Structure formats: structure tokens, C-alpha cells
Amino acid sequence: MTDTPALLDPARAKQLAAEFGLKPDEYDRVLAILGRTPSLTELGVFSVMWSEHCSYKSSRVWLRELPTKAPWVIQGPGENAGVIDIGEGLAAIFKMESHNHPSFIEPYQGAATGVGGILRDVFTMGARPIANLNALRFGTPDAPRMKRVIDGVVRGIGGYGNCVGVPTVGGEVNFHPAYNGNPLVNAMTVGIAPADRIFLSAAAGVGNPVVYVGSKTGRDGIHGATMASAEFSADSEEKRPTVQIGDPFAEKLLIEACLELMATDAIVAIQDMGAAGLTSSSVEMAGKGGVGIELVLDDVPQRETGMSAYEMMLSESQERMLMVLKPGREAVAEAIFTKWELDFAVIGHITDTGRITIRHKGALEADIPLAPLESEAPLYRRPTAETPKLPVLDAASVADPLGPEAALLKLVGSLDLCSRRWIWDQYDSMVGGQTAKRPGAADAAVVRIEDHSRALAMTTDCTPRYCLADPEAGGAQAVAEAWRNLTAVGAKPLAITDNMNFGNPEKPEIMGQFASAVRGMAAACTALDFPVVSGNVSLYNETEGRAILPTPAIGGVGVLEDVAQAVGLALAPGLDLVLIGETRGWLGQSLWLREIAGQEAGAPPPVDLAAERRNGDFVRGRILAGTVKACHDLSDGGLLVALAEMAMAGDTGATLLPPPAALPAHAHWFGEDQARYLLAVTDGAALLAEAAAAGVPATRIGRSGGEALVLAGGPSISVARLQEAHERTLPALMADG
Amino acid sequence: MKAAIILFPGINRERDMALALARVTGRKPQMLWHRDTALPAGLDLVVLPGGFSYGDYLRCGAMAAQSPIMQAVKAHAARGGHVLGVCNGFQMLTEAGLLPGALLRNASLRFLSMDCQMKVERADTAFTNRFQRGQVFRATMAHGDGNYFADDATLDRLEGEGLVALRYATPQGEVTAAANRNGSARSIAGVLSPNLRVLGLMPHPENQVDPLIDGTDGLPLFESLAENFAAA
Amino acid sequence: MKALVTVMPKTGVLDPQGKAIGHALAGLGFAGVGEVRAGKVIELELAETDPAKARAAAEEMARKLLANTVIESFSVSLA
Amino acid sequence: MKALVTVMPKTGVLDPQGKAIGHALAGLGFAGVGEVRAGKVIELELAETDPAKARAAAEEMARKLLANTVIESFSVSLA
Ligand SMILES: Nc1ncnc2c1ncn2[C@@H]1O[C@H](COP(=O)(O)OP(=O)(O)O)[C@@H](O)[C@H]1O
Ligand SMILES: [Mg+2]
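Residue numbers (this note's numbering), protein chains in the order written: chain B, 1361 to 2097; chain Y, 452 to 683; chain X, 49 to 127; chain C, 49 to 127.
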């Protein structure tokens, strides 16, 4: 056996390095680490490990600014997913991840494998997945291919989630031309595990077997991680062969088999094979454990013939996991995986060399020291340029061309506010038998934990148009809205996962957006005791040089001690309507301004974190006291849209008091001031008194009942007409999609 | 009642079904593995749960219908035992020949996850005793292939012999095309065997058994069974 | 030896997929398309080298699993 | 004139259906079954009577709609 692998010709190696996406100085570092030219497999390992997707080289310096700690955080960023303590000996494990580029190339499979990947991140830590969410951004439906993308993405998310039997309980969708060439598909999974049975990825135990389980390896997705790290160009179509196909049936078996094995004591460490497949899983497991690893690829289960070491190490075939077992537990594990009709193979062992060595057909294919592979990984503090601040828009300076009735009907039917029923009707939201608030029923989805009264509340949020106008305020707003949505069902918000979707970080204005958004998020997380426990970064979301809107999607998780405490947003008759929070009539960057006045202008609404906290804590207190019959936070579209949403959900109208004289009516009805909630209660006077005592701004705005929204001295807008306008949009758009 | 749920690779509503059965019997049902070749002695009810057995690849329920345990299920049915198949379980029952017809792709060609209303056509079976004839109840449906099909002669026979258990209807009990979202022949949602002891249905009454989750519309179905086998 | 099992909806059985494809083709501007039917094809790599036996085996597989004769008919061809 | 468009997963592309069918056939006791691949077949009734034109039309339909050429390949035969 030789002690060096077959090396590439130096000139060829340099050229390949560039093709694989390594910058010249990065390649020089490879040479320095190895002290020689790399083999093809080694070059492949370096290029994927040092890709933006795996190394976070542009984002890491900024992500460090995010608060990640709280007494209830069991595991923050750095593992496959974040873990929090939710009481009664239980942990919630969750993460969000993007599959943007694959979903544009092949929408169904791209979205489906996105769901599969995030599920694996969660069950690899020992959790049974109990819910999926998805945050989607599409271009305008008349853009080329866009309807097919929308249709394929929705079918793909449903196709995978429905089949594995994890309910898809929530999410969000925006439409904007900035996503025409680069839609965003962010998928989130939440799981539950016993708090003392969390599985981590650090390998240990020299001599311990390294085991491969799941589906066989094919040539799919080779260099998927580097693709996700490159900007799109018109010839991206050429990159099609890297498309991976999801097999949700195999995933379902993998979930059951892994959970069954996890109930024994056989596992030392476990990690899913995600982006960069066998490479990243083996390198990360050994690296984290400070050990070495030797892989012998001959026994890797293979779907295709004649696969090389390079191909096996870089394949992104789906539904595969890597584990380190305790010595002598191979048979126990193999019996379980055989029972579930999955492949099982011992493909190596843990060593004390601090190196990864890869052998195939008797030859050494790679031999890389692990410490420098990680510590010397490129890390950039790229130049940033601040987004210039926009002037505050004076509400009185914008004329109201339509009046409240026509504006409301138009808004509830607009793309960003219309009913998402067409989407969620394709997702099984009930499987598991624990979904207490399904899509459309509440500001956050609520799923009870089997055999407990306790429930989790979950939401995803981001308002990209605010983030474009002011990334710092937008970052804070996204976190605050997630916190508010959890609060609005009565849950105690605990932690978030994030998915940072941005353009090309090599452009200072994009990197500036990123840095500012992080700053805003960090401030909100700190003020709201709402730490970040996991996340994902997706950069280079550009097509032909045009970037998407900065989109830091936030996935929030909170807990309710008793599912019976959860409130929804559906209005019932005979209740007082009370608005919590201050209304100044902020129209800058509002949907009213865009859809009705035809402008995208002004500074977005400022986020007063102290007010958020005070108002939210008050609302939650009232919900837990049992006096709130329905609750909805105010966001896109402002007060009248929120009220219309409650009315439509409950088939109940309301009679409203006149708007205050101090504000233009349209600013009162449609302004997007933050930190506000609309509550329906039996005793409005009592609530107002409690709010006054707590120093929380509160106003009675009307009373529920009847079949229309009746504006004082103004129009009477029937709930049925609102529903018609609200429900019509997506089905009409997608009729022959 | 002694009930058992059969686990096939890829099914996913077994825990939902176990919760529903436990709610009416006070104890968890037995879980059986698809490779078993015999059923435990003295079973009152065998349940084929919902999900995506074998990924629903090829045809829904087709591969599960060929599982070793299905021979024992057929023998159980032949002895006059009770069998409940829900969603994927209904598809397995038709594929195994225990119920007539087949479930085709939904007419819309989309997965349908929504509430539906079902009208009870027969309230004199072990599955439906606790309902009134003509009563309408709500259940979740979640399927891509729930479009019931049989040839006209078979449909006429089913109707003639009173073997249509449930039909999609409006909340007021009208059987309309709009209420029949998946396009099923004659709005059929559930079918009985001639001895009324095998029931297959597409929607999931097991998801409506808990007031804290989504109401108790489906509970009478399970209460009927529990009552029927109360002595056992 | 390769066997190809083609499975088609029986005449008289609703074929929503075929119908939808026909509709979509018309929407794309393809004229002169009459009935469209959508079926499945399963390609089997068989160790059997005798054509008659291979065909018989494939037919048996179709009857037992690959086709549901309540709604589908099948045909076998060898390659 | 009838055109038959057969759509198969491209070689190298994972075919979960074919895999599961192969598995099930083995479970049913069919021996000697190697690789199994599952595809679709679409039967089109075309008004066109010229074989070359009919074929060209069917190929165009396959490219535009019937096959997802990112992951599937297709072939056309006339009957
Ligand atoms: N992609 C999606 N998948 C599932 N549910 C969704 C999706 N998009 C939106 N929803 C659901 O639609 C409802 C309204 O969404 P949204 O307008 O974003 O709510 P909010 O403004 O209160 O945050 C919520 O229940 C949400 O979970
Ligand atoms: Mg939201």
C-alpha cells in the first residue's frame, strides 16, 4: 500500500480547483496544508468543505453577533439542529433550511428534497418530527416558468411531507418580481425528544465502526453544494444533471429505523448526509470529535456501477445517514435496518490520526489532516455598504384614491394577502392527530405533544420589503413578528431558527444588507429573550446580477403548557374588539401604499422592542387568564385587514367605531405600525382597565356580530364578499398550472 | 374490544388510529407487523391504517395487499371477523379483493387535505351504530387517490344490497357534486362487505376524537365498535 | 432479457390524468389531438433467456402485482 | 394515427418506484428479476396521418409537456 494517493498533474489541479469554485488563494492554502498537489478526491473534499454553503465563509463573522443562549437552550447553533428545553423532560429540536437553487431548476424534486433534508437534520438528533413549515418567495406569476415553479414547489413539499407522515402546519408566501429568477424555498422541521436523549455528531472511540445506513449512493447531485454557492446565469440549465430525486418512502423507513436504534445504547454519534454527502458528514463528525477517520469505500452501498472514490465522496444522494457505533453493536443495528428494508454497511472506523483517509479498491484516494481543513477554512470579512436610510413618509401627503371598502377588497385579494388555502389544501396538516391549530386558524400553528397536555406553537415570518428598505429594522421586525405570532396564540416564545437568504456577498451593498439584518435580529432576539438556536445561510441568490430582496426568514417556536389555552383568530359574534398597541398610521413600505397608491416608498415601520415586549406580555397574560376569545396580530395590511381576516375565519362581521380624527382614515385603517394585536373579548371595559393598569395602549374599536364589517358613517362590507375576493385569487391563478 | 393495527412500511396514521381506539377502550391496541403470518387469537377488530404503504408507488395499497399478513386478514374476514380500512387501508382492502372497486387518482389530480362531510347511509352496523341514519359528520381527508370507482353493475349491486356505508355530502346532507371533492362514483366515501363486517373509507374519523384537537365528530364510529364488542 | 409491461386504464374507466394531459396539450396550442390516455410502463430485467418463459413470467407478475385488472389492462413485450 | 410516448427516468436518476416494485416482486417470490424501472406511457390519438409529421408533433409534445427532460427521457412510437 502506498502512502500517497495518485496526485493530479499540478497544472490540471489548478484548473480543476477553479472549476470547483476555489479561489486562487484558497487553492494555495490547500497546497500548503497538504504540502503537495492534491488527488482528485482530495480536491473535491476541499472544494465542497470550503464552499460558501458548507463553510459559511462570508457569513460566519456576522452570525457570531446573534445571541444564542438562554437557560432553556440545550444546544445552540453548531449541531444538525437547535435544541430547547420545553418542560416535563421534553426537548424541541428544530431548524430551517433553504433549497432555493434546486427548486428553481426542478421545482418538485428541489422542494421535496429540501423537506427531506431538513427532516433528517432533526431526526438525526433523536427527535420524532412532529411538524413541518415552509417559507416561500415566488416571482410574479406571469414571469416565465413561475406558475410551474409555484405548482411544482407546492406539490413537492406536499408530496414529501404527506408521504413521510409529518404534518405541514404553517408557513408563509410572498410574491415579488425580485424573485422572478430566483424563488426561495425554506423548509423548517420541528421534532420532539426526551431532553436527556439528544444525539450529537462528534465521533469518538478509536476503532469504533463507522456505519452507513439508508438508501444507496448514486451519482446524483455531485457538486450540489458548490452549485448552491454560485450565482445563477442563463446557462444554469446546463447544471441540470445534479438534480436529486427524493424518496419519501425511504425517509419514512429511515426515521422509524433510526428512532428504533436510538432507543438502544448502540450509537456514539450520528449525522445525516446532507450537502456534500459523505464528505461533510465524515469530516464534520471526526473533526468535532477531534479524532481521525478511515473510510473504505468498497462497501458503500452503490446504485450505479463503476463509481469512483471522488464520485462517492461528493454524491448528494438522499435519505442516507452516517453513524459511529459502540464496538460490537453492529449486529443490533444491522438487524433493525434490515427489518426496515434499508441498506446497512460498515464503511470504516475511527482512528487516532487526526486525518481523514479514504481507500477504494486497495488504493489510498485521500489523506487530509482534519484540523487545518477546518481551522484554515477561508473566512472573509467582506466589505459592506450600508443601505441608505429612506425618509419617513408623511401619511397625510398620500391621497387615498379608493376609500376603505374598495381598498380592503383589493388588498384581501392581492397576491401577498390572499388566502393560501390553495396551498395548504395540498398539505396534510392533520396526520399525527395532534394539530390543534392548522393553517389559517391562528397566527401560529399549534401542535400538541403526544401523551402530554403541552403543545408547541410554530410560525415563520419575514417581511422582505421592509428588509430592502432598511435591513436592520427589517431584521428586527422579522424576529418581532415571529414572537408576536407565537404570543397571539398564547404561547411563550422560546427560540428561533433563521434562514438568511441574500444575494451575492461579494457586493458590498449585499454584504451590508446581511450585516445590518443580523444587527437588527440580534437586538430583537436580545430584547425579547428569543435566542437563535439554529439556522442556515443561502447566498448568491441572484440571476444575471439582479439580487432577491434581502430575506432573513425567521422560524419561531414557543410552548403552551396546556393546548386548551390556545386561541385562534376566528371571530365569534357578541364580543368587544380591543386594539392593543399604538396606532400612528405608518404607511411607509405598507401594502396599502404598494397595492393601492402604487408606490414602494418611505422608511418601514420602526420596531420599538420595549413596546413589543410590554404589549406582547400583556396579551399573553390575558390569553392565559382565559378572557380572550380570539386574537390576531397586526401585520401586512394593518388594522382593517387583520379585522377582515378574523371576520372571514369566523364568518362573523363587526360594527366599528369611527377612526380618530387626528389621522387620515386610510392611515388608521391600513398603517402598519408594529407591536399591535386585535383581541375579541366578552368584557372590553375590563380589558381596557387592565391595559391601563399595565401601561399598555388599548382602544376599543367596535363589536363583533352581523354579516358585514360596518364602518361608522361609511360602507358596510359583507364578509361573504371579502371571502370571495380573498379565496378567488390563487385558484384562479393556478387553474391550469 | 380486542383490536390490532397492522404496521406496513410507509403507513403513517397508525398512531392516530391507536389514540382513537385507546380513547374508547381505555387501552392501546396491539401493533402487528406486516411480515407476521398469523393474527393473535381472539381479535375482534383488525385495522389497516392510513399512510403511504410502500410510498404508494405503483398503485396505492397494491404492495401492502400482497404482504404475508394479508392472508391471515383474509382468513379473519372469511371467518366473519371485523376489519376497518381507512384511506391507505381502504385502498389495501380493494387491492386485496376484500372490498369491490378501486380508488383512482382524485379527479382534480391534486392531493386533497381538507375537511369533508359524510352522510351515514347505514346506522345498523358495528361501525355505525352510534350514528343515526342520514346523520352527517365531519372528518379530515388527506389523500391523492380517493376517487372511488367500480363498474356500473358493481355500483348497482352495492346500492341494491345496501353496502354503501358513507357518502360525501353537504353539511345539510345533500349529496352534491361540489361536496364530492375527489370525484368518487356516486359520491361513495365508504363501502361495506356483504356481511357488513369489513368497512373501508377514505376520510380519517380518527382525527376527530378529541375536543382539544379538532372536535369529536368521528368518535361515534369508534364508540360503535367499542359498544359492539363491549362484552369481549 | 428485458420485458416491458404496459399498463393502461381499461376502456370505460375514468382516466383523469389522460384527460388533464389532453386539456393541457390543447392549452399549449397543439391541435388535432383526440383522446389521450395515460398509463404506466414497467421495464423488467429478467434472468430468463427463453422468450416464451420470460413472457409468461412477466404476465404472471402483471396479474399478481403490476396491474389491477379491475381498472387496468396490460400487455407484455420483450426486448 | 396513434402515437405512444414512453417516458422513463434518465439513467442514473434515482427511480424510487422501480426500486420498490423490484423489492415487492422479490417478496412475492419471483426470482431472477434484476433492475426494475417504472415509467409512464401516454397514448395520443392524432388527427395527423403523415407518420413523420405525427412523430415530430408527438416529440414536440413530449419535450414541452409529457416528459420532464431534467430527469426523464422519452421515446415515441407510432401505431
Ligand atoms: N406555504 C405555506 N404552507 C402552509 N401554510 C401556509 C403557507 N403560507 C401561509 N400559510 C398559512 O396561512 C396563514 C396566513 O399566513 P400569513 O399571512 O403569513 O400569516 P401572518 O401574517 O399572520 O403571519 C397562516 O396560518 C400560515 O401558516
Ligand atoms: Mg406569520
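Here a beta-carbon is modelled for each residue, glycine too, at the ideal position from N, C-alpha and C.
Predicted model only: the values in this text are computed from it and were never measured.
- Exposure of Trp484(Y) is indicated by the presence of fewer than 16 other C-beta atoms within 10 angstroms of its C-beta.
- Two segments are said to touch when three or more pairs of C-beta atoms, one from each, lie closer than 8 Å; by this definition the segment 1888 to 1895 of chain B does not touch the segment 1768 to 1780 of chain B.
- If the five residues before and after Gly2066(B) are omitted, its C-beta is found closer than 8 Å to the C-beta atoms of Pro1933, Thr2012, Gly2013, Ala2014, Thr2015, all from its own chain and listed in chain order.
- Residues are counted here when their Cβ sits less than 8 Å from a Cβ of chain X; for the segment 106 to 121 of chain C these are Glu108, Met109, Lys112, Leu113, Leu114, given in chain order.
- In chain order, Trp1410, Ser1415 place their CB closer than 6 Å to the CB of Ala1737(B), counting only its own chain and leaving out the 5 sequence neighbours on each side.
- Phe600(Y) reaches chain X at Val61, Leu62, Val118, Ile119, counting residues in chain order whose Cβ is nearer than 9 Å.
- Scanning chain C for C-beta atoms nearer than 7 Å to the C-beta of Arg85(X) yields Glu91, reported in chain order.
- Distance from the Cα of Pro1831(B) is smallest, within the candidate group Gly1872(B), Ala1452(B), Lys1648(B), for Gly1872(B).
- The distance from the Cβ of Val497(Y) to that of His527(Y) is about 6 Å, consistent with a contact at the 8 Å cut-off.
- The C-alpha of Ala1555(B) is placed about 16 Å away from the C-alpha of Ala1815(B).
- Rounded to whole angstroms, the gap between the alpha carbons of Gln481(Y) and Gly536(Y) is 16 Å.
- Rounded to the nearest whole angstrom, the CA to CA distance from Ala1695(B) to Ala1617(B) is 10 Å.
- For Tyr1572(B), the three-state secondary structure derived from DSSP is strand.
- Neighbours of Arg1808(B) across chain Y, judged by C-beta separation under 8 Å: Leu663, Ile664.
- For the segment 535 to 564 of chain Y, residues whose beta-carbon sits nearer than 9 Å to a beta-carbon of chain B comprise Arg561, Phe562, Leu563, Ser564.
- Closest option to Arg1689(B), judged by alpha-carbon separation, among Pro1799(B), Lys1721(B), Gly1567(B): Gly1567(B).
- A residue is called buried once 16 or more other Cβ atoms fall within 10 Å of its Cβ, and Asn557(Y) is buried on that count.
- Spatial neighbours of Leu92(C) in its own chain (CB-CB distance under 8 Å, excluding positions within 5 residues in sequence) are listed in chain order as Lys50, Ala51, Leu52, Val53, Ala106, Met109.
- Nearest neighbour of His1812(B) by Cα position, chosen from Val1643(B), Gln1794(B), Ala1745(B), turns out to be Gln1794(B).
- Secondary-structure assignment with DSSP links Ala1855(B) through a beta bridge to Val1917(B).
- DSSP lists Ser1898(B), Thr1911(B) as the bridge partner or partners of Asn1861(B).
- Pairwise C-beta distances place the segment 597 to 613 of chain Y in contact with the segment 630 to 637 of chain Y, as three or more of them are shorter than 8 Å.
- Using a Cβ-Cβ cut-off of 8 Å, Ala68(C) is close to Tyr505, Gly506, Tyr508, Leu509, Met514 of chain Y, given in chain order.
- Thr1577(B) is not a Cβ neighbour of Glu1654(B), given a cutoff of 8 Å.
- Residue-level contact by beta carbon fails for Phe1454(B) and chain Y, as no gap is shorter than 8 Å.
- Taking C-beta separations shorter than 7 Å and ignoring five residues to either side along the sequence, the partners of Lys58(X) in its chain run Ile119, Glu120, Ser121, following chain order.
- Between the segment 1421 to 1432 of chain B and the segment 1505 to 1516 of chain B, the count of Cβ pairs shorter than 8 Å is below three; the stretches do not touch.
- Near chain B, meaning a CB-to-CB distance below 8 Å, the residues of the segment 467 to 499 of chain Y are Asp467, Leu470, Ala471.
- Closest option to Glu1841(B), judged by alpha-carbon separation, among Leu1479(B), Phe1862(B), Leu2003(B), Met1881(B): Met1881(B).
- Nearest CB-CB separation between Gln522(Y) and chain C: not below the 8 Å threshold.
- For Asp1754(B), the closest C-alpha among the options Val1573(B), Trp1700(B), Ala1963(B), Leu2069(B) is that of Ala1963(B).
- Residue contact with chain X for Gln517(Y): present (Cβ-Cβ distance below 8 Å to some residue of chain X).
- Here Leu549(Y) is buried. Its C-beta has 16 or more other C-beta atoms within 10 Å.
- Comparing alpha carbon positions, the residue from Thr1744(B), Glu1439(B), Gly1708(B) closest to Pro1865(B) is Thr1744(B).
- Proximity of Val81(C) to chain X, defined by a Cβ-Cβ separation below 8 Å, is satisfied.
- Residues of chain C with a Cβ closer than 8 Å to the Cβ of Leu94(X) are, in chain order, Gly80, Val81, Gly82.
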